[in-house]
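Everything on this sheet refers to the single structure shown next.
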Amino acid sequence: MTKVNRYTYLLTLLGSLVSILSFGVTALAQDDGARAYWSARSGSQMFSFQYLPMNIGASDSKEFAPGQYIYPNANIDVNVFFVTWARHMNLFRRPSMLAVNIVGGSVNANVNIKAAPEFLPPGITPGTAFSQSSSGFADPNIQLAVNLFGTPMLNSNVDLLNYEPTITLDAAVMLMFPLGEYKKDKLINMGLNRLIGRVGFPFKWHFGVFSPGYMSSFELMPSVWLFAENSDFVGKKLENDPLWSLEGHLTHDFAPGLFASFDMLYQSGFQTSVDGVEVGDKLEIGNLGITLNYNVSDNVMIRTEYSSNVFGSDNLETSVGRLQFIYHWSTPDVNFKKLMGGN
Amino acid sequence: MRNKPLSILLAAYLVAGITICFTGTEVAAQENKRPNILLIVADDMGYSDLGCYGGEIRTPVLDKLAQQGVRYTDFYVSPTCSVTRSMLLSGTDNHVAGLGNMVELTSPNQVGKPGYEGVLNERVASVAELLSDNGYHTYMVGKWHLGMKPDQIPHARGFERDFSTLVGGGSHFDNGWNISWQIPKMPYTEDGRPVKKLPKDFYSSKNYTDKTIQFIDEGRGDGKPFFAYMAFTAPHGPLQVPNDWLRRYKNRYDEGWDGIRHKRLARMKELGIVDKDANTADRLFFLPRSSGFTPAVRVMLGRSMEIYAAMVEYMDDQIGRVFDHLKEIGEYDNTVVIFISDNGAEGNNLRGMVAGQVGTFGFLHAMNNFAEDGHNSLGRKGTFAEYGPAWAQVGMTPFRLYKGLVAEGGIRSPLIVSGPGVKGAGELNKKAILHVMDIAPTILELAGIEHPATYKGREIAPMQGKSWVGMLNGSTQSPRSSDDWLGWELFGNRAIRQGDWKISWHYEPFGSWDWQLFNLAEDLGEQYDLSNEFPKKRAELISLWDEYVKTNGVIIGSRSPFEQANRHLPNSVTEYDNYPPLRGLEALPYETLLELMAGKKKGGQ
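Written as structure tokens, this is what we have:
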């Protein structure tokens, strides 16, 4: 690790935490979810509301000079919501999905700090608990996923009836725009003040019978997050290396409309640099979780998820819950009138 | 030295003479060698399903068998399976052999009456018993359905080796659930002993074939010929096929039953199965035209037919395994192969009959065993798919109706015979009127066995069937003359055929609760009742019916699964003299109603 002065170290540590925190609102310790890339009939749409209570803790302490300690002992509570609209369509004659996410909520961070005053940002007293919060909208994002292999265009009921996928591969590109709440003199912000992108390749293996009540799948989403620099991070320039991510789900129907998933998330990378100087260790975190989904009706689904990390750098501990309501709609299914009325 | 050429010449003559002598003995021995008999029965398979009968289902093995042998167009069976099997194995009428009615549906007035035992009774000797006693190995695999007590099972009725299910149908896989809740698991026997557990990879057609090959191999050592009875349970419902065969016909039937039936009919005409100007049956009166459905509905309705077709092809494939094995061991050329189906294609709602109403044992049995549903699940081992009357009518192209009924669609079956002594390879015989009762006497004649008057100390009924041997060797075109006739009765529906003429009596709305007269030469589809035009012919055939009843001890059941068909099916015609069908019946005394149902009175008023 490149040696840096203590002030910079403190800033970067806090900054990393905040970045993790802010990033985590939409990504860290938070996956896309089970069956997020399942295909649906072209033209069908989905509206979703998610509420995520999240807790991130970092219990590590750092001594970087005799008697000089940083006690991050960070405890960060996040309460955010996601509002998502998605539409399935055909793009280049391939089944595709466009999704727009609006994110908002609040973040509260408590960090114990013991350090010489000259090394601390304005307003933070050494040896006391540093507390900061932010609320408002976070950075919205837009994502496009296009099937590369394994899924035909699903334009009609006939296509749906004949759809029995086995192995599918998609390409997904997401862009997160720096439109969220951001104050340059705060460490804690909802927005990240930089453009973030992700490229991923959702892979699914459907095994068993592709029929409601009997479906099973193994899903992997390898992806890489790419970060533009934040040139106004408490007066400094914040840069991060790409974050490599692998998300996995093993899902199974227990009844029509009732499925559970065993979830896994591994992320590595995200080496932080402040003003061009590499600080801290790269991030490495692994999460396990479970998801339960119940279809209340043909159009309404309720989904709950809980995940927690099983390992994490800097003794990072995450605990994420999710409660999601999904309403989806499409053109009407076959009804009696159509049945008797011909094409 | 001078004698040397003479010695050589003498020696040469001697060698030649010995060779000729031995060769002659060998030929004589081969000529005297009795043929193996391989009797293959499909379960509920339709008349027009095989490629060689006009079907689009891939059946290369049976098509090739038809090229080597002869196909017959007018081969008759009974409307249901166990009834046919009783005649197949006994050579006599089902009302004599113990299956006057299916055991599951015996009427109160038939219980305990001779011929209604519900099992292959002691009034007959099975062809297997006679063959076994006369030097044949006798093997059976598949569906028995002719009795479950120890003295009624295949091993007790002449089959030295067997791997059989004793009941009428159930899962084709190792989970082995029976259709009926009363015996939740299908009882299987192997060599007369109960099979406790089916192998994990069990699938009916595959394992029956494995066993057939095993039995043939294990019995080869002594040089005795064999009689192997392969009673496949395919394609009887539930329609199931191994997973890797499930999508073999994906989307093949999306065009709907009308289009497929039309194409089959065209192919049947090309093949000569049906005359080009034949009057064929209309789409059944209670079935919608398939073109009226949305494409998605046609896809859904076609799925069960896809599975059915895969089952038929799978069975064909397995039959091919047996043929290949016989060729490998050098027995194919000495094996007479007979292939039939046991009745018309299944158009009834078997699952509905089985599952009963919500809350019944049948319903619970269904929920426990075959409640898996969903378009993509159909055909797997937890499902009970059926294809219904519309596809059944496709299976029975060009005929009317299907299994359970005595219209041609219930009682015609494909028949292919091939092997030593069968002349006319590749020919189609449209002259002979044949019956499943004929098979036992044919087999016995091929084996050189006389049917005895007594068996094991008891008198047995004579065989009513007629041997085909003369027909097979080309000396006659048919075992029957124009005066010969055939009769049927099951569930109260009844029919007589003599020459081109046929009378039939069906419960409404399949019939008119009265005799109807058809001329099959002009009206293969039984569309025009000629009773009014030919009353004398009708009366003649009715008198044959009376003779049939008398000869065979027929008792018309006081109950019939078809007696209330007119309550859940629309009328076959919009207007007739008894309309509405129940008018006046509600007020009738019960005894009168019974008489009506027994055909002793003309009903409706």
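Chain order of the listed sequences is E and V. The working numbering applies: residue 2 is where the first sequence begins, and numbers increase by one. The working numbering applies: residue 299 is where the second sequence begins, and numbers increase by one. Note that CB positions come from ideal geometry on N, CA and C, so glycine has one too. Because the structure is a prediction, the values reported are computed rather than measured.
Under a CB-based cut-off of 7 angstroms, is residue i close to chain E?
i: V:Ser384; result: no
i: V:Pro593; result: yes
i: V:Ala896; result: no
List, in order along the chain, the chain V residues whose C-beta lies closer than 7 angstroms to that of residue i?
i: E:Leu162; result: Ala594, Val597, Met598, His673
For residue i, decide whether its Cβ has a neighbour in chain V, counting only Cβ atoms nearer than 7 angstroms.
i: E:Phe138; result: no
i: E:Pro166; result: no
i: E:Val278; result: no
i: E:Phe255; result: no
i: E:Val159; result: yes
Kindly indicate the opening and closing residues of the beta strand (DSSP E) around residue i.
i: E:Ser217; result: 216-228
i: V:Val704; result: Neither: V:Val704 is in no beta strand (DSSP E) and is coded neither H nor E.
i: V:Gln814; result: 813-817
i: V:Val715; result: 710-716
i: V:Asn791; result: 791-796
i: V:Thr378; result: From DSSP, V:Thr378 is part of no beta strand (DSSP E); its letter is neither H nor E.
Could you give the DSSP three-state label for residue i: helix, strand or coil?
i: V:Trp543; result: helix
i: E:Val235; result: coil
i: V:Trp786; result: strand
i: V:Gln512; result: helix
i: V:Tyr477; result: Per the sequence shown, the amino acid found at residue 477 of chain V is Ile instead of Tyr. Coil, per DSSP.
i: V:Ala863; result: helix
i: V:Lys411; result: coil
i: E:His356; result: The structure shown does not extend to residue 356 of chain E, since chain E is modelled only from 2 through 344, so no value can be given for it.
i: V:Glu757; result: strand
i: E:Ser23; result: Any reading at E:Ser23 must be qualified, since the residue scores a pLDDT of 43, below 50, and its modelled position is unreliable; the value itself is stated next. In the structure shown, E:Ser23 sits in a helix (DSSP, three-state: H, G or I).
i: E:Met177; result: strand
i: V:Arg386; result: Correcting the residue type first, residue 386 of chain V is Leu in the shown sequence and not Arg. Of the three classes helix, strand and coil, the one that applies to V:Leu386 here is helix, per DSSP.
i: V:His443; result: coil
i: E:Tyr328; result: strand
i: E:Trp39; result: coil
i: E:Pro96; result: strand
i: V:Glu629; result: coil
Name the chain V residues whose beta carbon is nearer than 9 angstroms to that of residue i?
i: E:Gly214; result: Glu670, Asp671, Gly672, Ser675
Report the neighbours of residue i on chain E: residues whose CB is nearer than 7 angstroms to its CB, in chain order.
i: V:Asn549; result: Asn163
Consider the C-beta atom of residue i and the heavy atoms of the ligand ADP; say whether any pair is separated by less than 6 angstroms.
i: V:Leu569; result: As for the ligand ADP, it is missing from this structure, which has no ligand bound.
Counting only Cβ pairs nearer than 8 angstroms, list the residues of chain V close to residue i.
i: E:Phe208; result: In chain order: nothing, as chain V lies at least about 11 angstroms away.
Given that residue i touches chain E, what residues does it touch there, using C-beta distances under 8 angstroms?
i: V:Arg678; result: Val210
Starting from residue i, follow the alpha helix (DSSP H) in both directions and report where the run begins and ends.
i: V:Asp614; result: 593-626
i: V:Gln920; result: With chain V covering only 299 through 903, there is no way to say anything about residue 920 of chain V.
i: V:Gln366; result: 358-366
i: V:Glu921; result: Past the edges of chain V, shown from 299 to 903, lies residue 921 of chain V, and the structure says nothing about it.
i: V:Val425; result: 425-431
i: E:Asp160; result: 158-163
i: V:Gly567; result: Looking at the sequence shown, residue 567 of chain V is not Gly but Lys. Looking at the DSSP string, the run of the alpha helix (DSSP H) that includes V:Lys567 is 555-569.
i: V:Gly768; result: 767-770
i: E:Val275; result: Careful: E:Val275 lies outside any alpha helix (DSSP H), inside the beta strand (DSSP E) at 273-275.
i: V:Leu742; result: 737-745
**OP:** Using a Cβ-Cβ cut-off of less than 9 angstroms, list which residues of the region 307-333 of chain E approach chain V; keep chain order.
**Re:** none
Closer than 8 angstroms, Cβ to any Cβ of chain V: which residues of the region 220-233 of chain E, in chain order?
none
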